[in-house]
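Here the structure is laid out as structure tokens; the discussion comes afterwards.
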Amino acid sequence: MALQKPDPIQQFIKQLPAPLKNRYFIVLIVFFAWMIFFDKHDLLTQWRLSGSVERLEFDKSYYEKKISQVRKDLLNLELNQEKFAREKYYMQKPNEDVFIIVEK
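Numbering (the numbering used here), first residue to last: 1066 to 1169.
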């Protein structure tokens, strides 16, 4: 009877700890690897989307502030047209001197 060479795969499997030989554990590891790296909604995509959401929320708050400022300016324009023209566009009445004071 001839001696058979031990199969390297069988030797490797015998050296593994018991939890790694459990098929449910292996399926669980494969499932998590798939969900983390290969799925449509993988971890990297979720991280990018989270950054995008934060940036969009920041932009939203910026534009809401701008809209409120523009509404105030519009109301000011409707109520005080002369004051608005004088302050924004430096307009003046005939025979009137305008002095602009610049603060340092």
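Using N, Cα and C, we set each Cβ at its ideal position, and we do this for glycine too.
By DSSP, does residue i sit in helix, in strand, or in coil?
i     : result
Q1157 : coil
V1167 : coil
D1162 : coil
Ordered along the chain, which non-local residues of its own chain (more than five positions away) have a Cβ less than 6 Å from that of residue i?
i     : result
A1150 : M1156
Enumerate, from N- to C-terminal direction, the unbroken alpha helix (DSSP H) stretches of 4 or more residues contained entirely within the stretch 1070 to 1116.
1073 to 1080, 1083 to 1086, 1088 to 1098
Let me know the beta strand (DSSP E) ranges lying completely inside the stretch 1127 to 1156, each 3 residues or longer, listed in chain order.
none
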